[in-house]
Amino acid sequence: MTRPAVAARPTVTSPTSTSPELLETAAFIDRYGMNIIHVGRGCRCSGCADTPLTRAQQFGYTIGLSGLGHPELLLRGFGAAETTAILSRWGEVVLDGDTLDAGHLLCEGRGGATWELVPVQRPSRTLHWAARYYSSGEVDALELIPARRPCSCGGCD
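Right under this line is the structure:
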C-alpha cells in the first residue's frame, strides 16, 4: 500500500546524509511512511559481520514513526519476513493516527499473538540506523514482547 510522504520527515544527519543507505531509508519513508530494518541475516552493509545471528539474536525495528512524534517499534527473535509483517501491521496503526504507549496490549485476534509494549532502554544503541537517520541522534522506542497478561478485547482465545 502506497502512502503519501510523511510531511514532517526529519532530515538525516550530516555529513552522512549522502550515505546511500540513509538515502534509501529516506526514500522508503517518503513512499511508505516508515522503513523496517532487520538485523541478523542477509545484511548488505559493508561494516556488518558475514556470519548470520541465531534467530533468537535477530531483531527488527521501524524508522519513520519518530517523524510523527511516536516512538519507533522494535521486535526480537523472528526472521526478516515475520518481523516485517508484524512491524508493518502495527506501524500502519501508527501511520493511520493511533498512538501506542508503554503498557498497551496489541491483540492480533483469535489465534493470533498478543503483544505488550515496553520501553526500550538506551534505544539509540539498539536502533542504530534510526539514530543515524534522525539529526539529533536520539530515538525513543517501544518493544513488542509476548504479553504477560491476558488481553481484555474479548476477541482472543
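Start counting at 1 in the sequence shown, then tack on 29, and there's your number in this note's numbering. Note that the Cβ used here is the ideal one computed from N, Cα and C, for glycine as well. Quantities reported herein were computed from a predicted structural model and do not represent experimental measurements.
Should residue i go down as buried or exposed, given a rule of 16 or more other Cβ atoms within 10 Å for buried?
i      : result
GLY62  : buried
ALA160 : buried
THR54  : buried
GLY98  : exposed
GLY138 : exposed
What's the C-alpha gap between residue i and residue j?
i      : j      : result
VAL123 : PRO81  : 31 Å
LEU171 : GLY96  : 15 Å
ASP125 : GLY132 : 20 Å
ARG60  : ILE174 : 28 Å
THR91  : LEU116 : 7 Å
PRO152 : ILE65  : 15 Å
GLU167 : ARG84  : 27 Å
VAL147 : PHE57  : 26 Å
ALA114 : PRO49  : 25 Å
Just grab the DSSP bridge partners of residue i for me.
i      : result
TRP144 : LEU135 and PRO175
HIS67  : GLY89
Going along the chain, which residues of its own chain have a beta-carbon closer than 7 Å to the beta-carbon of residue i, five neighbours each way excluded?
i      : result
CYS182 : CYS136
CYS180 : LEU134, CYS136 and THR143
VAL149 : LEU103, THR155, ALA170, LEU171 and GLU172
ARG177 : GLU145
Apart from the five residues just before and just after residue i, which ones in its own chain have a Cβ nearer than 8 Å to its Cβ?
i     : result
ARG70 : PRO81, LEU82, GLN87, GLY108 and ALA109
Go through its chain and collect everything with a Cβ distance to residue i's Cβ below 6 Å, but skip five positions before and after it.
i      : result
THR112 : HIS67, GLY89 and LEU104
Exercise. Would you list, in sequence order, the uninterrupted beta strand (DSSP E) runs of no fewer than 3 residues that lie entirely inside the stretch 84–118?
Key: Unbroken beta strand (DSSP E) stretches of 3 residues or longer found wholly inside the stretch 84–118: 88–92 and 101–105, given in chain order.
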